[in-house]
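Below is one structure, written out as structure tokens, with a few remarks after it.
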Amino acid sequence: MSVFTIKEGYSDIIRELARDLYVELESIVEKVEYDTTGVRVSYHKRNSDKSIVKTTLHADAVICTVPLGILKRCIIPDMSDSISFEPQLPTWKTKVISSLGYGSLNKIALMFEKPFWDTSLHMFGRLNESSASRGEMFLFFSNGDRVKEELLVNKAMAVLANIYGNSCPKKPVSHVVTLWHRDRFAHGCYSFIGTNSSAEDYDVLFFAGEHTNRQYPATVHGAFLSGVRDAAAIADHFIGPAVSVNADSGENSMEESKKEEIMEEITVPEVQQPPMTEEKMEE
0 MSVFTIKEGY
10 SDIIRELARD
20 LYVELESIVE
30 KVEYDTTGVR
40 VSYHKRNSDK
50 SIVKTTLHAD
60 AVICTVPLGI
70 LKRCIIPDMS
80 DSISFEPQLP
90 TWKTKVISSL
100 GYGSLNKIAL
110 MFEKPFWDTS
120 LHMFGRLNES
130 SASRGEMFLF
140 FSNGDRVKEE
150 LLVNKAMAVL
160 ANIYGNSCPK
170 KPVSHVVTLW
180 HRDRFAHGCY
190 SFIGTNSSAE
200 DYDVLFFAGE
210 HTNRQYPATV
220 HGAFLSGVRD
230 AAAIADHFIG
240 PAVSVNADSG
250 ENSMEESKKE
260 EIMEEITVPE
270 VQQPPMTEEK
280 MEE
């Protein structure tokens with residue numbers, strides 16, 4: 000497996016994939032109701048005048064891609080800040096959600112006025128000489144969500160000062176520390192097979208996201224391919240199977256000539272805003 004760095008960042012990929020899609024931003028989902036007639040997703044957003052607009056979106060099918068950390072909170076009784084499912088998710092699905100592990104690995108990004116390191120290097124590191132702090136990683140990753148940002152930044156700066164001496168500034172111009180477990184829309188950042196789970200669990204968790212991809216969990220391409228997989232499943236449900244997609248790799252199992260013939264017969268409708276109802280509420 001090859002590892003690549005996106006030059007302009009992940010946002011370019013997202014913008015390209017979502018270019019012709021209807022996307023409702025800054026909206027917080029409260030409830031997902033589903034039955035044989037379809038799915039209703041209720042959410043709210045705050046307007047510039049501070050009023051809150053509650054909206055219910057109606058759809059034939061829905062792919063839920065919220066992080067595993069959110070799903071774990073959804074199955075906790077009386078968790079007021081989580082998404083509620085009506086009817087409740089089946090026991091076999093909540094068992095899988097509960098058993099899969101969800102970890103956190105944070106980054107510390109430091110900005111300086113000018114480089115004081117060798118800019119010809121793609122990356123650099125430092126071997127830890129102290130056994131007391133062994134296990135902490137450099138440039139800059141941290142698995143401590145409860146540690147204060149200032150302490151993490153100071154530790155990172157101490158490492159740089161040890162490497163570059165007086166060339167290293169006393170402090171950065173600015174810094175950013177990701178704290179994924181504190182993020183109310185994530186509660187973690189990557190999945191793993193927990194002590195009470197197995198690889199087979201990925202095949203029965205029918206929500207898209209990196210945590211549902213058995214072959215590539217905890218990866219960006221794993222999340223993308225899970226979306227391809229479930230989009231194909233929805234297409235199969237409504238228009239019948241046309242192209243077979245491998246659940247994990249996203250590879251097409253149909254001969255190219257056969258696939259082209261079938262795809263010519265399928266008319267893809269234009270993306271339109273889904274039907275929805277709104278209710279405006281004043282605080």
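Take 0 as the starting number for the sequence shown in numbering that gives the first Met the number 0 and just add one per residue. We put the beta carbon where it would ideally sit given N, CA and C, even for glycine. Treat the numbers as computed from the prediction; the structure is a model and nothing was measured.
Distance between residue 37 and residue 100 (C-alpha atoms, nearest Å)
Here residue 100 corresponds to residue number 101 of the sequence shown, with the count starting at 1. Here residue 37 corresponds to residue number 38 of the sequence shown, with the count starting at 1. Their Cα atoms are separated by approximately 31 Å.
Do residue 196 and residue 210 count as a contact pair if the criterion is CB distance below 7 Å?
Position 211 of the sequence shown, counted from the start, is the residue given in the question as residue 210. Position 197 of the sequence shown, counted from the start, is the residue given in the question as residue 196. No.
State the CB to CB distance for the pair residue 56 and residue 206, rounded to an integer number of angstroms; the pair is presumed to be in contact (CB under 8 Å).
Mapped onto the sequence shown, residue 56 falls at position 57. Mapped onto the sequence shown, residue 206 falls at position 207. Not really, about 17 Å apart at Cβ, beyond 8 Å.
Cα-Cα separation, residue 173 to residue 26:
By 1-based counting over the sequence shown, the position of residue 173 is 174. By 1-based counting over the sequence shown, the position of residue 26 is 27. Looking at the two C-alpha atoms, the distance is approximately 29 Å.
Look at residue 62 and residue 73 and say whether their C-beta atoms are less than 7 Å apart.
As a first step, residue 62 must be located in the sequence shown, where it is residue number 63. As a first step, residue 73 must be located in the sequence shown, where it is residue number 74. No, Cβ-Cβ distance for residue 62 and residue 73 is not below 7 Å.
Residue 139 versus residue 179: straight-line alpha-carbon distance, rounded:
Along the sequence shown, read from residue 1 onward, the residue named residue 139 stands at position 140. Along the sequence shown, read from residue 1 onward, the residue named residue 179 stands at position 180. The predicted position of residue 139 is uncertain, since its pLDDT is 49 and thus under 50; a value taken from the coordinates is nonetheless stated next. Cα to Cα, residue 139 sits roughly 15 Å from residue 179.
Would the beta-carbon of residue 171 fall within 7 Å of that of residue 109?
Residue numbering aside, residue 171 sits at position 172 when the sequence shown is read from its first letter. Residue numbering aside, residue 109 sits at position 110 when the sequence shown is read from its first letter. Their beta carbons are under 7 Å apart, which means residue 171 touches residue 109 by this criterion.
Cβ-Cβ distance between residue 103 and residue 167 below 7 Å:
For the purposes of this step, residue 103 is identified with residue 104 of the sequence shown, where counting begins at 1. For the purposes of this step, residue 167 is identified with residue 168 of the sequence shown, where counting begins at 1. Contact: no.
Which residues does DSSP pair with residue 56 in a beta bridge?
Indexing the sequence shown from 1 puts residue 56 at position 57. For residue 56, which the question treats as bridged, DSSP gives the partners 40, 275.
Strictly by DSSP, which residues pair up with residue 100?
Taking the sequence shown and counting its residues from 1, the one referred to as residue 100 is at position 101. Paired residue(s): 191.
Rounded to whole angstroms, what's the CA-CA distance from residue 31 to residue 160? Just pull it up for me.
Sequence index remark: in the sequence shown, residue 31 carries index 32 (1-based). Sequence index remark: in the sequence shown, residue 160 carries index 161 (1-based). Between residue 31 and residue 160, the C-alpha separation is close to 51 Å.
Taking 6 Å as the limit between beta carbons, can you name the residues of its chain near residue 215, skipping five residues before and five after?
Here residue 215 corresponds to residue number 216 of the sequence shown, with the count starting at 1. These residues qualify, in order along the chain: 221.
Where residue 106 and residue 151 are concerned, what is the direct C-alpha to C-alpha distance, given to the nearest angstrom?
For the purposes of this step, residue 106 is identified with residue 107 of the sequence shown, where counting begins at 1. For the purposes of this step, residue 151 is identified with residue 152 of the sequence shown, where counting begins at 1. Each residue's alpha carbon lies about 10 Å from the other.
CB of residue 163 within 7 Å of CB of residue 237, strictly:
Along the sequence shown, one-based indexing puts residue 163 at 164. Along the sequence shown, one-based indexing puts residue 237 at 238. Cβ atoms of residue 163 and residue 237: not closer than 7 Å.
I need the DSSP call for residue 206, collapsed to helix, strand or coil.
Within the sequence shown, residue 206 is the residue found at index 207, counting from 1. Reduced to three states, the DSSP call for residue 206 is coil.
Per DSSP, what kind of secondary structure is residue 30 in: helix, strand or coil?
Against the sequence shown, residue 30 aligns to sequence position 31. Strand.
Are the CB atoms of residue 176 and residue 148 nearer to each other than 7 Å?
Taking the sequence shown and counting its residues from 1, the one referred to as residue 176 is at position 177. Taking the sequence shown and counting its residues from 1, the one referred to as residue 148 is at position 149. Yes.
Taking the beta carbon of residue 208 as the centre, do at least 16 other beta carbons fall within 10 Å, making it buried, or is it exposed?
Numbered from 1 along the sequence shown, position 209 holds the residue referred to as residue 208. Buried, because 16 or more other Cβ atoms sit within 10 Å of the Cβ of residue 208.
Start and end of the beta strand (DSSP E) containing residue 175?
The residue given as residue 175 occupies position 176 in the sequence shown. 173–176 is the extent of the beta strand (DSSP E) around residue 175.
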